[in-house]
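Written below as structure tokens is the structure these notes are about.
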Amino acid sequence: MRKYLAGLIKPVFFCQIFRFYVYLFVIVHYNIFGKEYFLIMYIAITGSKNNKDVYIYRSFRKENGQSSSHIYKKLGKYNTLLNQFDGDADRLMAWAKNEAKKETELYNQKNGKVSVDFSQGACIAKNEQRLFNSGYLFLQSLVTELRLDKICRSIKRRYKYQYDLHAVFTDLIYARILHPSSKRESYEYCKTLLEPPKYHLQDVYRALSVIAAESDFIQSELYQNSNFVHPRNKKILYYDCTNFYFEIEQEDELRKYGKSKEHRPNPIVTMGLFMDADGIPLSFDIFPGNQNEQTTLKPLEQKIIRDFNCSEFIFCSDSGLGSLNNRRFNSFSHRAYVITHSLKKMKEEERKAAMNPAQFRKIGSPKFIDLRTLDETDEEIYNSVYYKEYPLITGDMDETLIITYSPKYAAYQRTIREGQVERAQKILHAPGKKRKGKNPNDPMRFVKATTVTDDGEIAEKTVYDLDREQIEKEAMYDGFYAVVTNLEGDVGEIIRINQQRWEIEENFRIMKEELGSRPAFVRREDRIKAHFMTCYISLIVYRLLEKKVGEEFTCDQIIQTLRYMNMTLINTAGGYIPSYTRTELTDTLHQVFGFRTDYEIITKSTMRTIIKNTKNVHKKEI
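Taking the working numbering, I'd label the letters of the sequence shown as residues 9 to 630.
In structure tokens, the structure reads:
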């Protein structure tokens, strides 16, 4: 052993100018693939009499058997440090030894090899949790940046509850993203996180009432705090509505029978949602299922203007929410609007004028073009957008109708319709009673029923055939799209604003499919509102996460990766082993958030540090 150590201390030398003193060795032993290695951390003082430095050196033997060493960390000037300890050299060295010990422990946590003993004859402990989700740590880091803990502390000043609102609230968000289910099942799922709940199930239901009552405050504060994560782009605000069904038959004050967008025969509630120009939710509210969607806009928009300090923006929505009253409301106080417009619902004379193929322009060109002359096989023409402007006077409002034509969009619509016609033909030849088409995308709308003969007599049986007239009628609109606006100026920008409207539909899709927001398993009105609040915040967290990783990955990739980022606890004395596949996405997540869970083994102390730092706004890399 002495001979081995002597070989490691080759860097120790003496000369007339520099002196090198070794005061402490901290020895760490590793056994790697049958070979023994020693890592030595030691304190060294180098330099002349009046200019000495105190260092932590790292000495080690390489795999080839040769010894080596290097400066690991400089602690400072010897005389300066000595003055800090009132000239007591023993106290100085005791402190230096302790620093070397701490650095050794940190190095060992990050780079050390760990040996764990297992027994073939020993059973694992009964009812002991071994598998834990670590994907929530990235969500926790984002929630920390959103200052949700500060919001919860502010709320607590107005109430007298004893439970931890922040713990309940955040767990509901994590469970909504990682394991969407009922509140009871969410509570049980959170027991599989690295930090299981310290509250009770009844605290969850109590918290829902508080969350519902503080909805406006939470939304306002969350909007302000979200700027710390991603500066909000509120120049353009998108609005849309959807509805959510409940597995009940009896109506109440909120859950009402109405026009279900999913064609469900159940009572529904309506959600109105505002989204900013970057696709991040801005605000929402819940309305009775039988309320006219057009009436939902004004109260929610007024809340945004009042609570969000947001009064100058371009409002964008579909034609169903762009009523005359809503357009007029957004014609004042530095607000404007871009609303989709149905060509099919226009008066025939106006529609013919609007869709006349002459007098179109290519975006960016003043030259007039007749659409009938376009060679749509040309790639440049195929990918171009053409437009014409048509003035509208509606009461006291001067508006502009912008009609666009896209060969690419026309080809897309034609392909979709051809597929629907093909499905309609298969239905025609299938036995059984034929039904009517329920919506604009139902292939049965292309099927017509004939109940009389050519001479007007009642037929013995109903005859079904393709409705060629209906097919040709829809083909007339292939590639055409229209918006109405009170904006003046760049038509290309107006069209771009409207084209981004698909993102709000994507938000609803994520909320319903990925976050499992329906059916809702709560009954009381306050708990229903709180349920959608957790869904709404979960959507914000997801969207911000999407921005963090650079929008290079799909929604399914991100959420599924987080759901399966599990850690296996070796035993109560050991650490954690990653039980997931390391991918490009997991590497990106670790790089962006500044910690890693993909080492071969992570000690419990290291994991505690990671968890602690995800709760700290000013995190340090682990």
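The C-beta atom is built at its ideal place from N, Cα and C for all residues, glycine as well.
Exercise for review: Determine, using beta carbons only, whether R138 comes closer than 9 Å to chain B.
Suggested key: No chain B appears in this structure, which consists of one protein chain only.
**Study point:** C-beta contact flag for N233 and I159 at 9 Å
**Key:** Position 225 of the sequence shown, counting from 1, holds the residue named residue 233. Position 151 of the sequence shown, counting from 1, holds the residue named residue 159. For N233 and I159, yes; Cβs fall inside 9 Å.
Check your understanding: Can at least three beta-carbon pairs, one atom from the stretch 608 to 624 and one from the stretch 574 to 583, be found at a separation below 8 Å?
Key -> yes
Practice item. Go through its chain and collect everything with a Cβ distance to F665's Cβ below 6 Å, but skip five positions before and after it. Key: With the chain covering only 9 through 630, there is no way to say anything about residue 665.
Practice item. Please check the pair E203 and I618, which I expect to be a contact at CB under 8 Å, by giving their CB distance rounded to whole angstroms. Key: As a working mapping, residue 203 is identified with position 195 in the sequence shown. As a working mapping, residue 618 is identified with position 610 in the sequence shown. The pair is not a contact, with the Cβ atoms about 11 Å apart (cut-off 8 Å).
**Study point:** Reduced DSSP secondary structure (H/G/I, E/B, other) of Y394
**Key:** Numbered from its first residue, the sequence shown carries residue 394 at position 386. In this structure, Y394 counts as strand in the three-state DSSP scheme.
Review point. Are there 16 or more other CB atoms within 10 angstroms of the CB of N391, so buried, or fewer, so exposed?
Key: For this step, residue 391 is matched to residue 383 along the sequence shown. N391 is exposed by the Cβ-count criterion.
Check your understanding: In chain order, which continuous runs of the alpha helix (DSSP H) of length 4 or greater are located wholly inside the stretch 562 to 629?
Key -> 563 to 571, 592 to 601 and 612 to 622
**Study point:** Beta carbon of E257 nearer than 9 Å to that of N274
**Key:** The sequence position of residue 257 within the sequence shown is 249, counting from 1. The sequence position of residue 274 within the sequence shown is 266, counting from 1. Yes, these two residues count as a Cβ contact at 9 Å.
Review point. So, D286 versus K481, is the Cβ gap smaller than 9 Å?
Key: For the purposes of this step, residue 286 is identified with residue 278 of the sequence shown, where counting begins at 1. For the purposes of this step, residue 481 is identified with residue 473 of the sequence shown, where counting begins at 1. Cβ distance not < 9 Å, so D286 and K481 don't count as in contact.
Exercise for review: Quick one: give me the first and last residue of the alpha helix (DSSP H) that Y231 is part of.
Suggested key: For the purposes of this step, residue 231 is taken as residue 223 along the sequence shown, with counting starting at 1. Segment S223 to S234, the alpha helix (DSSP H) holding Y231.
Point to revise | Distance between E513 and S414 (C-alpha atoms, nearest Å) | key: In the sequence shown, counting from the first residue as 1, residue 414 sits at position 406. In the sequence shown, counting from the first residue as 1, residue 513 sits at position 505. Rounded to the nearest angstrom, the two C-alpha atoms are 21 Å apart.
Practice item. Taking only the alpha-carbon atoms, compute the straight-line gap between T3 and R551 and give it to the nearest angstrom. Key: In the structure displayed, the chain extends from 9 to 630; residue 3 sits before or after that span and is not available.
Exercise for review: Would you list the one or two residues that DSSP bridges to L409?
Suggested key: In the sequence shown, residue 409 corresponds to position 401, counting from 1. Answer by DSSP bridge pairing, in chain order: Y398 and V492.
**Study point:** Residues of its chain near V549, where Cβ-Cβ distance is below 8 Å and the 5 sequence neighbours each way are ignored
**Key:** Counted from its first residue, the sequence shown places residue 549 at position 541. Correct list, in chain order: L147, L150, V151, L154, I181 and I185.
Practice item. Compare the C-alpha of E113 against each of A97, R66 and I313 and name the closest. Key: The residue labelled residue 113 in the question sits at position 105 within the sequence shown. It is R66 whose Cα lies nearest to the Cα of E113.
Check your understanding: C318: buried (16+ other C-beta within 10 angstroms of its C-beta) or exposed?
Key -> For the purposes of this step, residue 318 is taken as residue 310 along the sequence shown, with counting starting at 1. Answer is buried; the Cβ neighbour count reaches 16.
Exercise for review: Return helix, strand or coil for M519, following the three-state DSSP convention.
Suggested key: Mapped onto the sequence shown, residue 519 falls at position 511. In this structure, M519 counts as helix in the three-state DSSP scheme.
Exercise for review: Would you be able to state if there are at least three C-beta pairs under 8 Å between the stretch 529 to 536 and the stretch 209 to 218?
Suggested key: yes
Check your understanding: Can you tell me where the alpha helix (DSSP H) with K537 in it begins and where it stops?
Key -> Indexing the sequence shown from 1 puts residue 537 at position 529. Note, K537: alpha helix (DSSP H), E533 to K556.
Check your understanding: With burial defined as no fewer than 16 other Cβ atoms inside 10 Å of the residue's Cβ, what is the status of L409: buried or exposed?
Key -> For the purposes of this step, residue 409 is identified with residue 401 of the sequence shown, where counting begins at 1. Burial call: buried.
Point to revise | Inter-residue spacing [alpha-carbon to alpha-carbon] between E259 and K375 | key: For the purposes of this step, residue 259 is taken as residue 251 along the sequence shown, with counting starting at 1. For the purposes of this step, residue 375 is taken as residue 367 along the sequence shown, with counting starting at 1. Rounded to the nearest angstrom, the two C-alpha atoms are 58 Å apart.
Check your understanding: Anyone know if the C-beta pair for L351 and R359 falls short of 9 Å?
Key -> For the purposes of this step, residue 351 is taken as the residue at position 343 of the sequence shown. For the purposes of this step, residue 359 is taken as the residue at position 351 of the sequence shown. Closer than 9 Å, so yes.
Practice item. With a threshold of 16 other CB atoms inside 10 Å of the CB of F126, please say whether the residue is buried or exposed. Key: Taking the first residue of the sequence shown as 1, we reach residue 126 at position 118. So F126 counts as exposed.
Review point. Can you check whether the CB of L523 is closer than 9 Å to the CB of P289?
Key: Here the question's residue 289 lines up with position 281 in the sequence shown. Here the question's residue 523 lines up with position 515 in the sequence shown. It is not a contact, given that the beta carbons lie outside the stated cut-off.
Practice item. Identify whether S194 lies in helix, strand or coil by the three-state DSSP scheme. Key: Taking the first residue of the sequence shown as 1, we reach residue 194 at position 186. In the structure shown, S194 sits in a helix (DSSP, three-state: H, G or I).
Review point. Taking the C-alpha atoms as reference points, what is the distance between T200 and M615?
Key: One-based indexing of the sequence shown puts residue 200 at position 192. One-based indexing of the sequence shown puts residue 615 at position 607. Whole-angstrom Cα-Cα distance: 15 Å.
Exercise for review: In the DSSP assignment, find the beta strand (DSSP E) that holds Y246 and state where it starts and stops.
Suggested key: Position 238 of the sequence shown holds residue 246. Counting along the chain, the beta strand (DSSP E) containing Y246 begins and ends at I244 to Y253.
Check your understanding: Just to check, is the beta-carbon of K269 closer than 8 Å to a non-hydrogen atom of the ligand GTP?
Key -> Ligands displayed in this structure: none; no statement on the ligand GTP is therefore possible.
**Study point:** Rounded Cβ spacing between Y247 and S331 (contact assumed at less than 8 Å)
**Key:** The count along the sequence shown starts at 1 and reaches residue 247 at position 239. The count along the sequence shown starts at 1 and reaches residue 331 at position 323. Contact doesn't hold; Cβ gap of about 12 Å is too wide.
Review point. So which of Q92, K623, L577 and R532 has the shortest CA-CA distance to A221?
Key: Counted from its first residue, the sequence shown places residue 221 at position 213. Residue R532 is the option with its Cα nearest to A221.
Point to revise | Close-in-space but distant-in-sequence residues of the same chain around Y572 (CB under 6 Å, 5 per side omitted) | key: Sequence index remark: in the sequence shown, residue 572 carries index 564 (1-based). Hits under 6 Å: Y588.
Point to revise | Buried or exposed by the 16-neighbour rule on C-beta atoms within 10 Å, applied to V625 | key: As a first step, residue 625 must be located in the sequence shown, where it is residue number 617. Exposed is the call here.
Check your understanding: Taking the Cβ atom as the reference point for each residue, do D378 and P365 lie within a distance shorter than 9 Å?
Key -> The residue given as residue 378 occupies position 370 in the sequence shown. The residue given as residue 365 occupies position 357 in the sequence shown. For D378 and P365, yes; Cβs fall inside 9 Å.
Point to revise | CB contact flag (Q227, Y489, <9 Å) | key: Reading the sequence shown from its first residue, position 219 is the one you call residue 227. Reading the sequence shown from its first residue, position 481 is the one you call residue 489. No, the pair does not count as a contact, with Cβ atoms beyond the cut-off.
Point to revise | Ordered list of beta strand (DSSP E) runs contained in the stretch 52 to 105, each at least 3 residues | key: 59 to 69 and 75 to 85
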